[in-house]
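Asker:
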Ligand SMILES: C[S@@+](CC[C@H](N)C(=O)[O-])C[C@H]1O[C@@H](n2cnc3c(N)ncnc32)[C@H](O)[C@@H]1O
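Numbering (our numbering), first residue to last: 9 to 283.
Encoded structure:
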C-alpha cells in the first residue's frame, strides 16, 4: 500500500469519519454534566482543541452557543464549514490553547479525548488551564478527559478504530513506540489506512503526549487557584457513576469548576504548601 508521511490532523475528513461517529456518549454526558456541576445555567460552551468540531456542531443543534479553537487551520476550516452548513455562525478560530483570550465569558468548556496531553511541558499545561479559568465565569465548568498513567497496572499500549461512509473506509491504529516516565513523554505511531474506490493508501504520523499520574494531575490542578475538582468520571461517561481516581485509574474525566470566589492569598498559599 502507498504510504504518505503526513500530519494526521491535516486530514480532517478522515479524522472526522473515524472519531466523529463516536460522539453520542460524550454528547449525552456533557449535556447532563453541565447542569449537574455548573452553578447557574449553561448556554455558552467552548472547546479548546476542537478539531473538526464533531461535538460542537451537535451542541449547537441542541441550542448551545458554541465556539472553539484549534491550532490546525484545516481542522478549523472543516469545523466552520460544517457549522455554517447547519445554519450556525462559524465560531471556530485558529489559536494555541496555551495562549488565548475570549471576547466574552463562557459557562462551560470541554476537551474530551487527550488533546490536553499534546501540551508537552508543565508550563504549557498550566498556561492552558489559566486561559480556560480566565475565560470561564465563576461557577462554570471545564470538562477535561484524558488518559492517566496508572502506577499499579500496565497501561494500554494499542488502540484501533474503523469507520466507513459511502465508498470511503478508514482504519486507524495507534501504538506506543516510546514511554519515558522521567521525561513525562509517551510517543505513539498512528496510521490511517484509507480505502476509496480508486485508491488505497496509508498515512503515517507520530504523536507525542505528556504523561500524568493521578498525583501529578492533582498537583497541576491545585496550582490553579481558580479551579477546583467538582467530580471525576471515566470514559464510560455515566453521569450517575462518578469515580474515585486511584493508582489504577487510566481514563478519567475531570470536571473542574471555577471557584465561586477568588481564594484569598493565604488560603491559596496553604493549598500549594499542603498539596
Ligand atoms: C485528538 S484531536 C481532538 C479534536 C476534538 N477535540 C475532538 O474531540 O474530536 C486533538 C486536536 O488538538 C489540536 N491541538 C494540538 N495542540 C494544540 C494547541 N497547542 N492548541 C490548540 N489545538 C491544539 C490538534 O490540532 C487536534 O485537532
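The beta carbon of each residue, even a glycine, is placed where N, CA and C say it ideally should be.
Does DSSP put residue 10 in a helix, in a strand, or in coil?
Answerer: Residue 10 falls in the strand class under three-state DSSP.
Asker: Of the choices 172, 69 and 150, whose alpha-carbon is the least far from that of residue 43?
Answerer: Of 172, 69 and 150, the residue nearest in Cα terms is 150.
Asker: Is the beta carbon of residue 45 within less than 7 Å of some heavy atom of ligand 1?
Answerer: Checking every heavy atom of ligand 1 against the Cβ of residue 45, none is found closer than 7 Å.
Asker: What residues match up with residue 35 in a beta bridge as DSSP calls it?
Answerer: DSSP lists no partner for residue 35.
Asker: So, at 6 Å on beta carbons, what are the nonlocal neighbours of residue 96 in its own chain, with the 5 sequence-adjacent residues on each side left out?
Answerer: So the list reads 68, once near-sequence residues are dropped.
Asker: Using the Cα positions of residue 164 and residue 111, report the straight-line distance between them to the nearest angstrom.
Answerer: Their backbone Cα atoms lie some 40 Å apart in a straight line.
Asker: When the distance is taken between beta carbons, is residue 62 closer than 8 Å to residue 98?
Answerer: No.
Asker: Any Cβ of chain C within less than 8 Å of the Cβ of residue 243?
Answerer: The structure shown has no chain C; it contains just one protein chain.
Asker: Which of helix, strand or coil does DSSP assign to residue 143?
Answerer: Reduced to three states, the DSSP call for residue 143 is helix.
Asker: Rounded to whole angstroms, what's the CA-CA distance from residue 108 to residue 139? Just pull it up for me.
Answerer: Near 6 Å, if we compare the C-alpha coordinates of residue 139 and residue 108.
Asker: Check whether the Cβ of residue 211 sits closer than 7 Å to any heavy atom of ligand 1, and report yes or no.
Answerer: No, since every heavy atom of ligand 1 falls outside the 7 Å radius drawn around the Cβ of residue 211.
Asker: Could you check how far apart the C-beta atoms of residue 158 and residue 255 are, in whole angstroms? I think they sit under 8 Å.
Answerer: Confirmed, about 6 Å.
Asker: Quick check: is any heavy atom of ligand 1 less than 7 Å from the C-beta of residue 126?
Answerer: For ligand 1, at least one heavy atom lies less than 7 Å from the Cβ of residue 126.
Asker: Are the CB atoms of residue 100 and residue 88 within a distance shorter than 8 Å?
Answerer: In this structure, residue 100 lies closer than 8 Å to residue 88 by Cβ.
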